[in-house]
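Have a look at the structure below before the remarks.
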Amino acid sequence: MKLRILYFASLHETLGCDAETIDPPPNITTLGALRQWLAGRGGPWQVLAERDDLRMARNQKVARPDSRLDDGDEIAFFPPVTGG
Amino acid sequence: MPDANGEAGELALRIQVQEAAFDTAAELAQLVRPGQSGAQASFTGFVRDFGDAREVCAITLEHYPGMTEAALHDIAQDAARRWPLHAVSIVHRTGRLALGEAIVFVGVTSAHRRAAFAACEFIMDMLKTRAPFWKKEHCADGSAQWVAARHGDTEAAHRWQQAPDAP
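Protein sequence lines, in the order shown, are assigned to chains V and C. FYI, in this note's numbering the residues of the first sequence are -12 to 71. FYI, in this note's numbering the residues of the second sequence are 30 to 196.
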């Protein structure tokens, strides 16, 4: 399963990464599981587990941790929005 | 919920996310439907020198291309379901903006002022909490920091759920 993952604003600075394409293990089937798996990379990636204010989107719509992942999904992680 | 546009005719919708500056007068002029639009309300937001940091000299606005436009479109449509609007225009800039520059324009026209005022405020409250933009403030000493989300913005958005047509 190929996923495109995007990181925005303070998150991409913390991670030193704004986008990546990954193929997670087969047991990663939900957005919440993906987030925990990415946090498990350690170092700066632990921010994904530590910051409880982070938002998630799946295919450009805000999504919950129990959202199922599909091949080709675009996933985004970002801080609360501050436009306007 | 009934479609409030039934009596106002088709909604003219303009959503623009752009780096370039915009002309507020031109944005206002193209919103009016002559003879029908009895009221127009608008909001323009500017870069100010007091944010989370003091002596802010510029900001950088990052956004999520694609999701941003979709979110603004949804917000405008939500407003048009609540009030009988003729036109909605939302223009939001991205990239680096200097102190005093305009960041965002929201304009709406309707037959009556109450709908225009309320819809304009609703759109801004929703934009602040639902549209994926992030602001970074740059200070004169060269430091920069991401702006933190404000609890008051979340509360402002929530009031619309409790009171459907007025804050």
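Every residue gets a Cβ at the ideal spot worked out from N, C-alpha and C, and that includes glycine.
Identification of chain C residues near A44/V by a Cβ-Cβ cut-off of 7 Å yields M96, ordered along the chain. Cα atoms of E84/C and V120/C: separation of roughly 26 Å, rounded to the nearest angstrom.
Residue-level contact check: A49/C does not touch chain V, since none of the beta carbons of chain V fall below 8 Å from its beta carbon. Cα atoms of T73/C and C86/C: separation of roughly 19 Å, rounded to the nearest angstrom. Relative to the Cα of Q47/V, the nearest Cα in the group A160/C, V176/C, E130/C and F79/C belongs to A160/C.
When Cβ-Cβ separations below 8 Å define contact, T69/V makes contact with chain C. Of A20/V, D5/V, E37/V and L(-2)/V, the smallest CA-CA separation from P67/V is found for L(-2)/V.
V117/C and A185/C have their alpha carbons spaced roughly 20 Å apart. Relative to the Cα of G3/V, the nearest Cα in the group P31/V, N14/V, L18/V and W24/V belongs to P31/V. Secondary structure at V135/C: strand, using DSSP grouped into helix, strand and coil. Using a C-beta cut-off of 8 Å, the segment 41 to 55 of chain C makes contact with the segment 126 to 134 of chain C, since at least three inter-stretch Cβ pairs fall below that distance. Sorting A169/C, A140/C, R143/C and D107/C by C-alpha distance to the C-alpha of Q190/C places D107/C at the top. Across the structure, F75/C and I(-8)/V are spaced so that their CA atoms are roughly 32 Å apart. Nearest C-alpha to A177/C among D170/C, G171/C and E166/C: E166/C. Cβ-Cβ distances below 7 Å link K164/C to I88, L90 and V176 in the same chain, with the five nearest sequence neighbours on each side left out; the list follows chain order.
With respect to the 8 Å criterion, M43/V and P11/V are not classified as neighbours on the basis of their beta carbons. Shown here for G124/C: same chain residues with a beta carbon closer than 6 Å to its own, the five before and five after excluded, namely E48 in chain order. The alpha-carbon separation between A50/C and L57/C amounts to approximately 15 Å. Comparing C-alpha distances from A140/C to each of V61/C, Y93/C and D52/C shows the shortest one belongs to V61/C. A Cβ of chain C is located within less than 8 Å of the beta carbon of S(-3)/V. Scanning chain C for C-beta atoms nearer than 9 Å to the C-beta of A63/V yields Y93, M96 and P161, reported in chain order. With a threshold of 8 Å between beta carbons, T73/C makes no contact with chain V.
What H121/C touches in chain V, judged by beta-carbon distance under 7 Å, is G70, going in chain order. Counting along the chain, K165/C sits inside no alpha helix (DSSP H); it lies in the beta strand (DSSP E) bounded by residues F162 to C168.
Judged by DSSP in its simplified three-state form, C4/V adopts coil rather than helix or strand.
Within 8 Å of the CB of T53/C, no CB atom of chain V is found; the nearest one sits about 16 Å away.
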